[in-house]
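For reference, the structure is listed below as structure tokens.
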Amino acid sequence: MSSLLHSVKVRRLIKANRKRVFAAFSNAEALAQWFSPSVDIAIDVQVFEFVPKGQFRVRYTMPDGNQPIVGGVYEVIDEPNQIVFTWVWEAPDPHADIPTRVFVEFIDRGEETEVLLTHDKLPKEACERHIAGWESTFDRIVLYLSATEARP
1 MSSLLHSVKV RRLIKANRKR VFAAFSNAEA LAQWFSPSVD IAIDVQVFEF VPKGQFRVRY
61 TMPDGNQPIV GGVYEVIDEP NQIVFTWVWE APDPHADIPT RVFVEFIDRG EETEVLLTHD
121 KLPKEACERH IAGWESTFDR IVLYLSATEA RP
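102 is the number that UniProt numbering gives to position 102 of the sequence shown; each next residue is one higher, with no gaps.
See the structure below:
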């Protein structure tokens, strides 16, 4: 494993206001609807304490039955501007126990929101996996917000 740590950035313009986009990140029930890279990957939000120093833990069930788990701690919650949290995969994931950090910025673009996600402290060999995962996860939040748009 490489000792050099890297950052990846994913940017997405979402057709929803900042309040709605931020809410999708800050609510366990909402998160359970979209926070995975594929509809074929089930999401079990096991711990969700959306407060500074609060923890989260999510178990994914892959189509092959594998169940990777990721968890972390919310470091910054600045509604509706930014969320910062640690991101640590659990064993037996190949990148288990490597503490990384995720910064999510919500930028007001009128009726749209630009979301800029920076995931840093990643080993080089984990970058491609995480870019693909975050890109696909952003596809899912777009679909989730579109499907829930008509709801009060």
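Glycine included, C-beta positions come from ideal geometry on N, C-alpha and C.
Here the structure is a predicted model, which means the values were calculated and not measured.
Item checked: Range of the contiguous beta strand (DSSP E) that encloses Ser146 -> Translated into the one-based positions of the sequence shown, residue 146 becomes position 146. It is not in any beta strand (DSSP E) - Ser146 instead sits in the alpha helix (DSSP H) that spans Lys124 to Ala147.
Check: From Tyr144 to Glu125, what does the alpha carbon distance come to, in whole angstroms?
Finding: The residue labelled residue 144 in the question sits at position 144 within the sequence shown. The residue labelled residue 125 in the question sits at position 125 within the sequence shown. C-alpha separation (whole angstroms): 30 Å.
Check: Near Ala32, what residues of its chain come up, given a Cβ to Cβ distance below 7 Å and the 5 sequence neighbours on each side ignored?
Finding: Within the sequence shown, numbered from 1, the residue matching residue 32 stands at position 32. When the five nearest sequence neighbours on each side are left out, the beta carbons in the same chain lying within less than 7 Å of the beta carbon of Ala32 are those of Ile43 and Val45, in order along the chain.
Next item on the list: Check whether the Cβ atoms of His6 and Leu122 lie closer than 8 Å to each other.
Entry: Locating residue 6 in the sequence shown gives position 6, where the first residue counts as 1. Locating residue 122 in the sequence shown gives position 122, where the first residue counts as 1. Yes.
Notebook entry, point to check: Ala23 to Ser146, Cα distance in whole Å?
Noted result: The count along the sequence shown starts at 1 and reaches residue 23 at position 23. The count along the sequence shown starts at 1 and reaches residue 146 at position 146. Cα to Cα, Ala23 sits roughly 14 Å from Ser146.
Margin query: What does the alpha-carbon distance come out to for the pair Asp64 and Arg18?
Written below: Along the sequence shown, one-based indexing puts residue 64 at 64. Along the sequence shown, one-based indexing puts residue 18 at 18. Asp64 and Arg18 have their C-alpha atoms roughly 36 Å apart.
Notebook entry, point to check: Buried or exposed: Ala91, going by 16 or more other Cβ atoms within 10 Å of its Cβ?
Noted result: Position 91 of the sequence shown, counting from 1, holds the residue named residue 91. Exposed is the call here.
Margin query: Between residue 221 and Ile131, how many whole angstroms is the CB-CB distance? I'm expecting something under 8 Å.
Written below: For the chain, the structure presents residues 1 to 152; residue 221 sits outside this window and is missing.
Margin query: Taking the beta carbon of Ala96 as the centre, do at least 16 other beta carbons fall within 10 Å, making it buried, or is it exposed?
Written below: Mapped onto the sequence shown, residue 96 falls at position 96. Exposed, by the Cβ-count rule.
Item checked: Secondary structure of Ala42, DSSP reduced to three states -> Stepping through the sequence shown from its first residue, residue 42 is reached at position 42. Strand, per DSSP.
Note to self: Does Arg109 pass the burial test, meaning 16 or more other C-beta atoms within 10 Å, or should it be called exposed?
What the structure shows: Translated into the one-based positions of the sequence shown, residue 109 becomes position 109. By the neighbour-count rule (16 or more Cβ atoms within 10 Å), Arg109 is not buried but exposed.
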